[in-house]
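Notes follow once the structure below has been shown.
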Amino acid sequence: MMENNNLIDTVDKTRLPKHIAIIMDGNGRWAQQRGEQRVFGHNNGVQSVRETAEAAAELGVKYLTLYAFSTENWNRPKDEVDALMHLLVVTINNEIKTLNDNNIRLRVIGNIQCMDPQVKKELAEAMEKTAGNTRMDLFLALSYSGRWEIVDAIRKIAQQVKDGTLSPGQINEKLVSASMNAPDLPDPELLIRTSGEYRTSNFLMWQTAYTELFFSSKLWPDFRKEDLYEAIIDFQHRERRFGKTSEQIINCKG
Ligand code: IPE
Ligand code: IPE
Ligand code: MG
Numbered sequence: 011m012m013e014n015n016n017l018i019d020t021v022d023k024t025r026l027p028k029h030i031a032i033i034m035d036g037n038g039r040w041a042q043q044r045g046e047q048r049v050f051g052h053n054n055g056v057q058s059v060r061e062t063a064e065a066a067a068e069l070g071v072k073y074l075t076l077y078a079f080s081t082e083n084w085n086r087p088k089d090e091v092d093a094l095m096h097l098l099v100v101t102i103n104n105e106i107k108t109l110n111d112n113n114i115r116l117r118v119i120g121n122i123q124c125m126d127p128q129v130k131k132e133l134a135e136a137m138e139k140t141a142g143n144t145r146m147d148l149f150l151a152l153s154y155s156g157r158w159e160i161v162d163a164i165r166k167i168a169q170q171v172k173d174g175t176l177s178p179g180q181i182n183e184k185l186v187s188a189s190m191n192a193p194d195l196p197d198p199e200l201l202i203r204t205s206g207e208y209r210t211s212n213f214l215m216w217q218t219a220y221t222e223l224f225f226s227s228k229l230w231p232d233f234r235k236e237d238l239y240e241a242i243i244d245f246q247h248r249e250r251r252f253g254k255t256s257e258q259i260i261n262c263k264g
């Protein structure tokens, strides 16, 4: 399509975000608009995951983190939780080959311990089979919430203090970042949320302190490659000041 070509050409490949995080929202509404059950929306969201991961990898984005299931999502009706877990197992299994063909490494953040043994097994297998891939890291946030991750980090740090290997005075931002689930994952420069909701719903709370936010009105199953390009282009037109003045940024005085 003409429009796709134009948009991808407008993306400045030399100024890509290294890490893009996405809150994939709106599956239920997408299904309801079609008179279908919510799970129909989740099933159709898989194609959006495929397209987004492929588009990000093709552009040269190094890390893509997708919010797939939150700590709070456990409180949904059991039927929906079961359907989501089933979809996760089936999808991961189906996608291993495509991940390997695209040189994408699958990784996970979240409270995986509390997940169903079959889900854990499937995840471990997919991570192992894609471990050697180097083009992009695709992180799934599963049974994840930002506050849970911060609490988890505090526990790790407290344990070191208790063991006498760390003093409270040594606790700094660097150590807290290093105590997160994936210490090597850089903070996202860009966070996208679909479905027209203006909130971050407990996602990457520590890491998004200075992240640029992009809200798309598209429901997740409608999200396509060009929607990712649009978000990146919007991001590239912004001035990231990190507390400095605009003049400092323009004059590159740092
Ligand atoms: C996002 O879509 C998927 C998950 C949270 C698992 P929703 O299921 O939240 O869809 P809406 O927001 O109800 O439309
Ligand atoms: C956020 O979506 C979680 C995921 C996309 C996995 P929700 O639909 O659960 O968020 P709220 O409840 O509308 O904030
Ligand atoms: Mg939702």
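Residue numbering for the sequence shown follows my numbering, beginning at 11 and increasing consecutively. All C-beta atoms in this analysis are idealised placements derived from N, C-alpha and C, irrespective of residue type, glycine included.
- The Cβ atoms of Glu-222 and Arg-248 lie closer than 7 angstroms to each other.
- The beta carbon of Arg-39 lies closer than 8 angstroms to those of Gly-51, Ser-205 and Leu-229 in the same chain, with the five residues before and after it left out.
- Boundaries of the beta strand (DSSP E) around Ser-80: 73-80.
- In the three-state reduction of the DSSP assignment, Phe-224 falls in the strand class.
- Rounded to the nearest whole angstrom, the CA to CA distance from Glu-64 to Asn-112 is 8 angstroms.
- Less than 7 angstroms divides the Cβ of Ala-67 from the Cβ of Ile-114.
- With contact defined as three or more Cβ pairs closer than 8 angstroms, the region 91-100 and the region 45-59 are in contact.
- For Asn-83, the Cβ falls inside the 6 angstroms cut-off from some heavy atom of ligand 2.
- The C-alpha of Ala-188 lies about 16 angstroms from the C-alpha of Gly-179.
- According to the DSSP assignment, Leu-185 belongs to the alpha helix (DSSP H) that extends over 183-188.
- Contact between the region 141-158 and the region 115-131 is present, with at least three C-beta pairs closer than 8 angstroms.
- Scanning its chain for C-beta atoms nearer than 6 angstroms, with the 5 sequence neighbours on each side dropped, one finds no residue around Asp-173.
- Not one heavy atom of ligand 2 falls within 6 angstroms of the beta-carbon of Ser-227.
- Scanning its chain for C-beta atoms nearer than 7 angstroms, with the 5 sequence neighbours on each side dropped, one finds around Val-129 the residues Met-95, Leu-98 and Val-99, in chain order.
- Between Trp-158 and Thr-81, the C-beta gap is smaller than 7 angstroms, which places the two residues in contact.
- About 5 angstroms separates the beta carbons of Leu-200 and Ile-30, which is inside the 8 angstroms limit, making them a contact pair.
- Within the model, the alpha-carbon separation for Ile-242 versus Leu-74 is close to 13 angstroms.
- Across the structure, Leu-26 and Lys-235 are spaced so that their CA atoms are roughly 15 angstroms apart.
- Around the C-beta of Arg-251, fewer than 16 other C-beta atoms lie within 10 Å, and the residue is accordingly described as exposed.
- Within its own chain, the residues whose Cβ lies closer than 8 angstroms to the Cβ of Lys-28, once the five positions on either side in sequence are excluded, are Val-71, Lys-72, Tyr-73, Pro-196 and Glu-199, listed in chain order.
- Contact annotation, Ser-153 with Ile-33: C-beta distance approximately 15 angstroms; criterion of less than 8 angstroms not satisfied.
- Judged by the Cβ position, Arg-39 qualifies as a neighbour of ligand 1 at the 6 angstroms threshold, a heavy atom of the ligand being closer than this.
- One alpha carbon belongs to Ala-151, the other to Asn-261, and they sit about 39 angstroms apart.
- Ser-153: member of the beta strand (DSSP E) spanning 146-154, first to last residue.
- Boundaries of the alpha helix (DSSP H) harbouring His-52: 48-69, taken from the DSSP string.
- The closest CA to that of Ala-163, considering only Trp-84, Leu-109, Gln-170 and Val-186, is found on Val-186.
- Annotation: Tyr-239 to Lys-23 spans about 11 angstroms, alpha carbon to alpha carbon.
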